[in-house]
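Residue 190 in this note's numbering sits at position 108 of the sequence shown; the count goes up by one each step and never skips. C-beta: ideal position from N, C-alpha, C; glycine also. Note that the structure is predicted; figures quoted are calculated from it, not measured. For reference, the structure is listed below as structure tokens.
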Amino acid sequence: VAVMMNQKNCVQQKMMCVTMENLMPQGHFLRQLDRFIDFSFIYQRVEHMYSQTGRRSIDPVVIVKMLLLGYLYGINSERRLEKEIEVNIAYRWFLGIDLDEAVPDHSTLSQLRRRKFKGSTIFEEIFAEIVKQCIEYELVGGKLLLTDSTHVRANVRNDISERILVDIEPSAYLSRLNDEARRDGILCEENEDTKPAKQKEQLKSPTDPDAGFMKRPGKPLGFHYLSHQTCDGKHGIITDVCVTPGNATDASVHSERIKHQIDTFGFQPDAVCADAGYDSSEIHKDMLDKGIQTYIPQRAPSCEELTVFSIHDFEYDEESDSLTCPNGCKLVFSTYRKKLGCKRYKSTAKQCNTCPIRENCISGTAKYKEVERTYHKSATDKQHRANGSPEYLAAMRLRKIWCEGNFSHQKANHNLARLRKRGLGNAYEHCLLSATALNLKRMVRLLNHSPENLIWLKILRMPEYLDIRYFYATLSTAPKNGTPFWYG
């Protein structure tokens with residue numbers, strides 16, 4: 083037997099007089115979080131949910147903090163969360179639960195979430211309050227807003243579904259376009275189509291009817307939700323979360339959510355940035371009306387547009403409301419397509435019969451050229467003029483860093499990879515808590531009061547220095563002097 087090897091057998095446990103404060107490490111993340119965020123604002127938000135009589139409830143702040151712990155540390159089971167809190171001193175300290183005090187049961191947590199908090203806006207209010215505190219800490223600039231969406235797997239089986247027929251209803255934007263067309267006199271009531279709405283076939287999950295069946299190139303096939311997030315360009319703080327079924331388009335909620343952020347946080351954005359999935363005349367027009375520049379790449383042309391001349395090859399004359407083809411022939415306004423929200427222009431058969439480039443312009447057996455132009459194409463063209471500029475390239479790189487980086491981090495560490503609950507409301511709550519967890523972690527990291535971080539924050543706020551994230555994002559496209567317009 084080795085002489086210097088120590089063995090502890092049947093060691094009597096000592097009686098020690100300690101406090102939770104002594105056991106909690108000084109540099110622990112939860113201690114720093116508790117120093118920066120005062121969660122007592124929750125009491126006022128939930129006061130109307132509790133009765134004036136009856137048995138006293140569990141502290142609502144403890145309940146909310148327990149839920150946040152699950153998302154902060156990637157614990158996606160309420161049963162496992164209860165067990166982790168029982169043995170983790172840091173969790174107990176953060177919740178204010180002493181060593182000899184029982185942890186709230188997982189069923190209590192589940193029932194409160196399902197019965198008391200369901201249908202309320204409490205988690206949206208908590209998310210907004212954290213964003214407001216980030217604004218007070220000067221971690222959010224509100225000048226450049228970056229938007230993207232990611233798929234979140236629904237808690238259903240993909241091999242069990244049913245086919246249903248749904249009416250194809252016009253979107254709110256399309257209805258708005260049609261109203262404008264009526265005011266402009268190009269859509270007359272007597273010429274409107276009165277046929278019943280068309281129907282399309284969709285797959286629906288009997289387990290979670292709110293989930294949408296997603297079928298996109300390069301994406302997993304199945305029932306998903308889409309989490310639409312907007313990040314601030316300064317430090318990547320998430321400023322907005324919206325959830326839609328997985329078969330919704332990316333651009334469908336963008337304008338509404340930007341307006342929501344302006345109204346809620348008082349942002350005055352100079353620009354918004356998104357990928358090509360958001361290249362919509364609705365977004366370009368709405369942002370232009372608000373004086374906001376859009377940095378959005380143009381959609382790739384379809385296979386048909388690659389073989390014949392497309393709308394981009396025709397020059398538009400606003401004064402005469404006509405198009406000129408590459409051969410110099412004029413296409414005049416013909417009709418307004420109510421169901422597509424676009425104007426149709428056409429040439430004459432006489433012009434096209436003698437055209438030397440007819441084969442590159444007209445496909446099939448058509449006798450003349452028809453081109454459809456979205457109602458607000460001029461706004462789209464005006465916004466796209468900034469594409470390729472240094473500001474555009476910088477914004478696109480920041481979008482990739484912050485939006486895609488946030489999604490990657492949330493899926494790996496904050497429960498965003500898959501839902502455990504069902505229904506659109508529960509999916510929204512899940513994505514909100516995941517975004518809140520990431521915001522809390524990033525805020526603590528940025529505000530950590532170590533000497534080196536204090537010096538770094540002071541350097542970042544000096545106008546003569548570029549933000550290091552902006553420097554890495556822009557590389558050769560960075561301005562030679564001054565800071566980017568969205569910083570600070």
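Would residue i be called buried (16 or more neighbouring beta carbons within 10 Å of its own) or exposed?
i    : result
R467 : exposed
R455 : buried
S309 : buried
Y474 : buried
A311 : According to the sequence provided, residue 311 is Gln. The question's Ala does not apply to it. Buried: at least 16 other Cβ atoms inside 10 Å.
R543 : With a pLDDT of only 47 at R543, under the threshold of 50, the placement of this residue in the model should not be trusted, and no figure is reported.
A358 : exposed
Y125 : exposed
R381 : exposed
R117 : exposed
C99  : exposed
E364 : buried
Which first and last residues belong to the beta strand (DSSP E) in which residue i is found?
i    : result
Y398 : E397 to D399
G224 : Premise fails: G224 is in no beta strand (DSSP E) and is neither H nor E.
V248 : E244 to D249
Y360 : Careful: Y360 lies outside any beta strand (DSSP E) and carries neither H nor E.
Y427 : C424 to K428
L285 : Q281 to K286
S404 : S404 to T406
Could you give the residue range of the alpha helix (DSSP H) that holds residue i?
i    : result
C434 : A431 to N435
P327 : Run containing P327: none in the alpha helix (DSSP H); it sits in the beta strand (DSSP E), I320 to P327.
Q380 : Taken as a continuous stretch (DSSP letters only), Q380 belongs to no alpha helix (DSSP H), as it is neither H nor E.
K372 : Unbroken run through K372: none, as it is neither H nor E.
S337 : H336 to F347
T190 : H188 to Q193
Checking contacts by CB at 8 Å: is residue i closer than that to chain C?
i    : result
E251 : Note that chain C does not occur in the displayed structure, where there is just one protein chain.
So what's residue i in DSSP terms, helix, strand or just coil?
i    : result
S416 : strand
F305 : strand
A517 : helix
Q89  : coil
G294 : strand
L105 : helix
D314 : strand
T203 : coil
R235 : strand
A333 : helix
K96  : coil
Let me check understanding here. Comparing Cα to Cα, which of the options lies closest to residue i?
i    : options                   : result
S337 : T406, G267 and H366       : H366
S192 : L228, D230, N158 and V213 : N158
K523 : N88, E207, I119 and C437  : I119
K198 : N435, P299 and Y132       : Y132
L269 : S471, K425, H110 and E206 : K425
R161 : N530, R502, L528 and A509 : R502
L515 : G470, E206 and E164       : E206
P472 : R239, T203, Y377 and D187 : Y377
C638 : F347, N488, Y153 and Q95  : In the structure displayed, the chain extends from 83 to 570; residue 638 sits before or after that span and is not available.
N240 : P107, K90, Y427 and H306  : H306
D395 : N442, A236, H233 and F349 : N442
L657 : L228, L151 and Q465       : Nothing in the structure corresponds to residue 657, since the chain is present only between 83 and 570.
G373 : A356, L480 and I340       : I340
V26  : A461, R481, A476 and S416 : In this structure the chain extends from 83 to 570, so residue 26 is not present and cannot be described.
C355 : F347, A333, N91 and H342  : A333
Once you ignore the five residues that flank residue i on each side, which residues in its own chain have a CB closer than 6 Å to its CB?
i    : result
D230 : C485
Y449 : Per the sequence presented here, residue 449 reads as Lys, with Tyr not at that position. Excluding residues within five positions, the ones whose Cβ falls inside 6 Å are A431.
C437 : N409
D345 : none
I145 : L194
V143 : F121 and I124
Can you find the residues in the same chain that come closer than 7 Å, C-beta to C-beta, to residue i, ignoring five residues on each side of it along the sequence?
i    : result
A330 : G294 and L308
W538 : Bear in mind that a pLDDT of 49 at W538, under 50, signals an unreliable position, so the number given afterwards is only what the model happens to contain. Nothing listed; no residue qualifies.
I439 : P408 and N409
K464 : L370
F111 : V526
Near residue i, which residues of its chain fall below 8 Å by C-beta distance, leaving aside the five closest residues on each side in sequence?
i    : result
E262 : Y457
M86  : none
N88  : none
D187 : E164
M102 : I171, R174, W175, D180 and L181
Taking 7 Å as the cut-off, is the CB of residue i close to at least one heavy atom of the ligand SAH?
i    : result
G318 : For the structure depicted, the ligand SAH is absent and the ligand set is empty, with no information on it obtainable.
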